[in-house]
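In this note's numbering, the protein residues as written are 3 to 266.
All C-beta atoms, glycine included, are put in the ideal place defined by N, C-alpha and C.
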Ligand SMILES: NC(=O)c1ccc[n+]([C@@H]2O[C@H](COP(=O)([O-])OP(=O)(O)OC[C@H]3O[C@@H](n4cnc5c(N)ncnc54)[C@H](OP(=O)(O)O)[C@@H]3O)[C@@H](O)[C@H]2O)c1
């Protein structure tokens with residue numbers, strides 16, 4: 003058996019991709035020959051990302067804030083116009099403010115629920131409509147976090163709200179499977195991006211330690227002994243976002259170096 007991703011010419015939308023996990027995914031899909039639309043909320047950062055990505059293949063960008071309905075509509079409209087349809091959606095998003103439960107106010111919950119629950123659900127629907135119309139075998143991949151299995155310290159809103167992504171994935175897998183759309187999720191552990199720097203800085207401030215000490219402390223919790231890289235995570239995103247996973251739907255796959263301890 004020859005193993006290929008079969009992504010040459012595939013039409014792919016990747017959100018929150020000016021850096022970090024989304025950027026790593028965009029780079030991987032482009033190297034497989036996919037045609038990619040990337041997104042972020044910040045025009046300059048998106049422009050910079052596009053300059054780095056262009057040598058790898060056909061890519062364009064749409065500035066859109068994932069927490070706004072009108073921007074989500076624009077994103078799907080632009081994707082249809084530029085790619086003519088959609089085979090794979092990779093949904094990554096921004097991060098809520100770190101903090102303990104007692105530090106979170108109404109506005110923090112409201113912003114987190116909008117970004118981590120409403121936004122993926124709404125984009126999933128708009129993307130599904132386009133996929134049903136234009137792709138015989140489409141896939142949606144949602145990035146969540148290991149926090150949905152084991153809540154993480156000082157990330158209260160994330161640990162609570164991201165659980166909805168698991169519900170979204172299972173709900174959509176059942177409803178959209180018969181329409182030719184597979185839907186899966188990924189639970190990243192600690193991946194070396196700017197977000198981990200932010201989390202480590204927050205922990206260092208609380209504990210009166212150095213950021214490097216906090217990173218080492220995270221690494222000691224991971225059986226593989228180190229943070230993951232966006233490239234390593236991108237391999238699982240490619241798997242779920244291509245026909246390599248043709249018989250997988252409704253799964254939530256940890257990519258965490260063994261961090262999760264719970265069984266099942
Ligand atoms: N890194 C980890 O270890 C880890 C683990 C589990 C879960 N996660 C989650 O995975 C997601 C990506 O993490 P990351 O590590 O790649 O973070 P990152 O390096 O901070 O990158 C975040 C990306 O999100 C974009 N973004 C932020 N707010 C946005 C918005 N409202 N609309 C559109 N784009 C937006 C940013 O682009 P602009 O600034 O250009 O808009 C940037 O491209 C986050 O939700 C994070 O909490 C990360």
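Secondary structure at residue 173: helix, using DSSP grouped into helix, strand and coil. In this structure, ligand 1 has no non-hydrogen atom nearer than 7 angstroms to the beta-carbon of residue 75. For the options 171, 229 and 147, the alpha carbon positioned closest to that of residue 189 is the one of 147. In the DSSP assignment, residue 65 is bridged to 42. Distance from the Cα of residue 36 is smallest, within the candidate group 51, 92, 101 and 122, for 92. In this chain, residue 26 is not harboured by any beta strand (DSSP E); it is covered by the alpha helix (DSSP H) spanning 22-33. Residue burial annotation: residue 112 is exposed, with fewer than 16 other C-beta atoms found within 10 angstroms of its C-beta.
Cβ-Cβ distances below 6 angstroms link residue 134 to 181 in the same chain, with the five nearest sequence neighbours on each side left out; the list follows chain order. Residue 227 and residue 262 have their C-alpha atoms roughly 13 angstroms apart. As DSSP reads the structure, residue 142 sits in a beta bridge with 91 and 185. Annotation: residue 229 is outside any alpha helix (DSSP H) and is labelled neither H nor E by DSSP. Following the DSSP letters along the chain, one finds residue 125 inside the alpha helix (DSSP H) bounded by residues 121-136.
In this structure, residue 240 lies near residue 7, with their beta-carbon atoms less than 8 angstroms apart. Here the C-alpha atom of residue 158 lies approximately 8 angstroms from the C-alpha atom of residue 106. Closest in C-alpha terms to residue 142, from the list 161, 150 and 177, comes 177.
Scanning 145, 49, 39 and 70 for the CA closest to the CA of residue 84 turns up 39.
At the C-beta level, residue 121 and residue 161 stay beyond 8 angstroms of one another. Nearest to residue 29 by alpha-carbon distance, out of 169, 52, 99 and 90, is 52. The beta carbons of residue 251 and residue 201 sit no closer together than 8 angstroms.
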